[in-house]
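Colleague:
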Amino acid sequence: MAIDEQHRLLWSYSDVTILVLEAGDLLLDDPRPGWPRVSLGKVVGGSTKLNQMTFNRGSSSDYDRWVELGNEGWGWEAFLPYFKEVQRSSISNDDKIAHESIQSEFFMPPNKDIAQEYNITFDPSVHGTSGYLQSSYSPFFWPTTSQLLCIYRKDMVNRANLFSLVENLVQAVKELGINMAFDQADGSPLGGYFNPHSQDPVYVTRSSAREAYYDSASGRTNFHLVAGRQVTRVLTEKHRGTVKAIGVEFAKSRHGIHETVRAKKEVILDAGSIHSPQILQVSGIGDPALLSSINVSTVVDLPGVGQNFQDHAMVKVTNKINAPLQRSNLTDATFAAKVREQYEDYRKGPLTSPLGDFLVFMPLSNFSDASSDIYQAINQDGTEYLLTDTPNQVVEGCKRQHKILNDQLLDFKSAILEVIWDDGEMLLCLQHPYSRGSIKSMSPSTFDAPVADPGLIKNPLDIAILAEGIIFSRRLVNVPAMQKLEPLEVVRGADVTSNEALEEFIRSTVSNFYHPAGSCKMGSREEGGVVDAELKVYGVEGL
2 MAIDEQHRLL WSYSDVTILV LEAGDLLLDD PRPGWPRVSL GKVVGGSTKL
52 NQMTFNRGSS SDYDRWVELG NEGWGWEAFL PYFKEVQRSS ISNDDKIAHE
102 SIQSEFFMPP NKDIAQEYNI TFDPSVHGTS GYLQSSYSPF FWPTTSQLLC
152 IYRKDMVNRA NLFSLVENLV QAVKELGINM AFDQADGSPL GGYFNPHSQD
202 PVYVTRSSAR EAYYDSASGR TNFHLVAGRQ VTRVLTEKHR GTVKAIGVEF
252 AKSRHGIHET VRAKKEVILD AGSIHSPQIL QVSGIGDPAL LSSINVSTVV
302 DLPGVGQNFQ DHAMVKVTNK INAPLQRSNL TDATFAAKVR EQYEDYRKGP
352 LTSPLGDFLV FMPLSNFSDA SSDIYQAINQ DGTEYLLTDT PNQVVEGCKR
402 QHKILNDQLL DFKSAILEVI WDDGEMLLCL QHPYSRGSIK SMSPSTFDAP
452 VADPGLIKNP LDIAILAEGI IFSRRLVNVP AMQKLEPLEV VRGADVTSNE
502 ALEEFIRSTV SNFYHPAGSC KMGSREEGGV VDAELKVYGV EGL
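Letter by letter, the sequence shown follows residues 2 to 544 of the working numbering.
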């Protein structure tokens, strides 16, 4: 990637004027947001305003496999400098004083007491020094040995019998012989680790893309934001056989005035995994068969648009536990008011933790002996479980992906399953699904929602892996460290043990994990790619 392309949006390039169109509003006063079943960030800052604030990285092999698919420049070693660019590794008193005016990113190590108590480790060499987003470890693990809880719930607990559920989980992971990762950011985040969040370490508030990037740039004369406007299509023109993006059409509402803006240099489409392909499709860029069905003329024949859509499949196993203090105590109005008061007055206590402080990411060898179902399933090429109308180019790309997924499953260098423990509820999340779905526009209007089908567990191999995860969850709660909590599985029940019963449980309860991806695939056009390794849309200049 050329230097001028890498830095074409840097603030110092004052000769480039940038216009950002956002369908959501600029919520500086942070009112209560709407929260639909499938959550998308329709707000300035996007989904960084509503995610769980987890600030972690994948395994180095995850990124290196992007290169295997033909995307040069996207491997771990090439990516690491950009990961580090978003971080600042320390914070001084001067930083605190200037914090409101300097939107630089801090990587804040855990405080010494918590680091010592839980043996939290980190590697400064993989964290940066001069970025914009902020990351820090929670100053509170729920529950903890804090005097706060003793003060506010004397009727329920005293310091002598208060213990940390995080500690139970950490010890259980160790008892099972699972690795404790030194630093999740170093490219080897396999096993259990304490996880930082995109959280301001001074005021203990969310650090989103809006605070980090928009707030620091909003006063610049060459930067403009128009919020509350929905893009209705990308405008293109064809000259001597070449299609070029020349601007964008947008509107406030379906029946509102449709306005246009022309782009002198380029159009950058960043509407997320669900709406980016929709905008391309209604702009005439996509599979001609689909475009014809919604009365849109084909501008560029690009069948991969909206294909390869996927999400992490998740199932929950719920245990009733015996613990004096749990997050559910926040349903007690008196307790909730006290911890809210503590947060607002001192920025301490339970409300400083967005949860997910300790995560477990496991290769297959950690939770399964690779049952016969899994070995049999990896011999398939994966294409028989694709949608029947999947374009041929996409089918070819899926064959190649399937082989790489098989290698990844068996080489034990990447996490296959994530385990999140939350007061008895265990979330089991498939990290590299084999199943694929699609995004399809249902009309020429972006005000009509597209059909978004991630194809959850269409491929039986995903079911086999999740079943192994459920079996592992029962081993986890049966080790001595977890038995102290007296866990009793209540959903679906420990009597669900046969392959048939596990499959029925998975099919009836599986859900997406709000990590949609892949619908504008980066890769070769011949294998269903939509963009090249420079993120440029095939067949269109300036997009």
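Using N, Cα and C, we set each Cβ at its ideal position, and we do this for glycine too.
Small disclaimer: the values here were computed from a predicted structure and weren't measured.
#1: Pick out whichever of F84, V227 and Q172 has its Cα sitting closest to the Cα of G25.
#2: In three-state DSSP terms, what is H100?
#3: Take every Cβ of the region 368-382, pair it with every Cβ of the region 271-290, and state whether three or more of those distances are shorter than 8 Å.
#4: Which one of S137, R475, G242 and Y194 has the shortest CA to CA distance from Y204?
#5: Among residues of its own chain, excluding the 5 on either side of A378, which ones have a beta-carbon nearer than 7 Å to its beta-carbon?
#6: Are the beta-carbon atoms of A518 and S284 separated by less than 7 Å?
#7: Give the range of the beta strand (DSSP E) segment to which T233 is assigned.
#8: Please classify E176: does DSSP put it in a helix, a strand, or coil?
#9: Straight-line CA distance for M483 to H198?
#10: What is the residue span of the alpha helix (DSSP H) that S439 lies within?
#11: Does the region 311-322 touch the region 486-495, meaning 3 or more C-beta pairs lie closer than 8 Å?
#12: What residue does the alpha helix (DSSP H) around M483 start on, and which one ends it?
#13: Taking 8 Å as the cut-off, does the region 119-127 touch the region 180-193 (at least 3 CB pairs, one atom from each stretch)?
#14: Nearest to E23 by alpha carbon, out of N513, A264, K253 and G248?
#15: For G543, which of G74, L81, R221 and I247 has the nearest alpha-carbon?
#16: Given a threshold of 16 other Cβ atoms within 10 Å of its Cβ, counted over all protein chains shown, does R241 qualify as buried or as exposed?
#17: Considering only their Cβ atoms, is the gap separating T55 from S209 smaller than 7 Å?
#18: Can you check which of these residues, Q394, G470 and Y435, is closest to E527 by C-alpha distance?
#19: Could you tell me the alpha carbon to alpha carbon distance between K245 and V361, rounded to whole angstroms?
#20: Given that a residue counts as buried once 16 or more other Cβ atoms are within 10 Å of its Cβ, and exposed if not, what is A290?
#21: In chain order, which continuous runs of the beta strand (DSSP E) of length 3 or greater are located wholly inside the region 435-514?
#22: Could you tell me the alpha carbon to alpha carbon distance between K317 and F514, rounded to whole angstroms?
#23: Determine, using beta-carbon pairs with one atom in the region 414-427 and one in the region 386-401, whether at least three such pairs fall under 8 Å.
#24: Can you round the beta-carbon distance between F506 and D358 to whole angstroms, since I take them to be within the 8 Å contact cut?
#25: What's the gap between the Cα of I405 and the Cα of R66?
#26: Just checking my contact of T447 with V300 at CB under 8 Å: how many whole Å lie between their CB atoms?
#27: Would you report the Cα separation of L236 and G59, rounded to the nearest angstrom?
#28: According to the neighbour-count rule (16 or more other Cβ atoms, all chains shown, within 10 Å of its Cβ), is Q53 buried or exposed?
#29: By the 10 Å Cβ neighbour count, where 16 or more other Cβ atoms means buried, how is D16 classified, buried or exposed?
#30: Please name the residue, chosen from G74, L166 and V87, that lies closest to D424 on a Cα-to-Cα basis.
#31: With DSSP run on the structure shown, which of helix, strand or coil describes S329?
#32: So which of M363, P455, K43 and E504 has the shortest CA-CA distance to L410?
#33: Should G129 and Q88 be called a contact, given that it needs their Cβ atoms to be closer than 7 Å?
#34: Between the beta-carbon of S509 and the beta-carbon of I440, is there less than 7 Å?
#35: For A182, report the span of its alpha helix (DSSP H) as first-last.
#36: Using CA atoms only, rank isn't needed, just tell me which of F142, M523, Y119 and S189 is closest to K349.
Modeller: Straight from the coordinates:
#1: Proximity to G25 across F84, V227 and Q172 peaks at V227, based on C-alpha coordinates.
#2: With a pLDDT of only 38 at H100, under 50, the local geometry of the prediction cannot be trusted, and no value is derived from it.
#3: By the Cβ rule, the region 368-382 does not count as touching the region 271-290, because fewer than three pairs are nearer than 8 Å.
#4: Check the Cα spacing between Y204 and each of S137, R475, G242 and Y194: the tightest is with S137.
#5: Counting only Cβ-Cβ distances below 7 Å, and skipping sequence neighbours, we find P461, L462 and A465.
#6: Taking 7 Å as the Cβ cut-off, A518 and S284 do not qualify as a contacting pair.
#7: Judged by DSSP secondary structure, T233 falls within the beta strand (DSSP E) whose first and last residues are Q231 to H240.
#8: Helix, per DSSP.
#9: Each residue's Cα considered, the two are about 26 Å apart.
#10: Careful: S439 lies outside any alpha helix (DSSP H), inside the beta strand (DSSP E) at S439 to K441.
#11: Under the three-pair Cβ rule at 8 Å, the region 486-495 counts as touching the region 311-322.
#12: Membership of M483 in the alpha helix (DSSP H) is indicated by the continuous run P481 to Q484.
#13: Counting C-beta pairs with one atom in each stretch, the region 180-193 and the region 119-127 have three or more that are closer than 8 Å, which means they touch.
#14: Residue nearest to E23 within the set N513, A264, K253 and G248 is K253 (criterion: CA-CA distance).
#15: Taking G543 as reference, the option from G74, L81, R221 and I247 with the minimal CA-CA separation is I247.
#16: So R241 counts as exposed.
#17: It is not a contact, given that the beta carbons lie outside the stated cut-off.
#18: A check of alpha carbon separations from E527 across Q394, G470 and Y435 identifies Q394 as the nearest.
#19: If you take the alpha carbons of K245 and V361, they lie about 46 Å apart.
#20: Taking all protein chains shown into account, A290 has fewer than 16 neighbouring C-beta atoms within 10 Å of its C-beta and is therefore exposed.
#21: List check, beta strand (DSSP E) in window: 439-441, 452-454 and 489-492.
#22: The alpha-carbon atoms of K317 and F514 are separated by roughly 11 Å.
#23: Fewer than three Cβ pairs drawn from the region 414-427 and the region 386-401 lie within less than 8 Å of each other, which leaves the two stretches out of contact.
#24: Taking C-beta atoms under 8 Å as the contact rule, F506 and D358 fail to qualify, at a distance of about 28 Å.
#25: If you take the alpha carbons of I405 and R66, they lie about 7 Å apart.
#26: Actually they are not in contact, since the Cβ atoms of T447 and V300 sit about 16 Å apart, beyond 8 Å.
#27: One Cα belongs to L236, the other to G59, and the distance between them is close to 36 Å.
#28: Residue environment analysis places Q53 among the exposed positions, since fewer than 16 neighbouring C-beta atoms fall within 10 angstroms of its C-beta.
#29: The residue in question, D16, is exposed, as its Cβ has fewer than 16 Cβ neighbours within 10 Å.
#30: Of the candidates G74, L166 and V87, L166 places its Cα closest to the Cα of D424.
#31: For S329, the three-state secondary structure derived from DSSP is helix.
#32: In this structure, M363 is the residue among M363, P455, K43 and E504 with its C-alpha nearest to the C-alpha of L410.
#33: Less than 7 Å divides the Cβ of G129 from the Cβ of Q88.
#34: Remark: C-beta atoms of S509 and I440 do not approach each other more closely than 7 Å.
#35: Annotation for A182: no alpha helix (DSSP H) segment contains it, and DSSP assigns it neither H nor E.
#36: Across the set F142, M523, Y119 and S189, the C-alpha of F142 shows the shortest separation from the C-alpha of K349.
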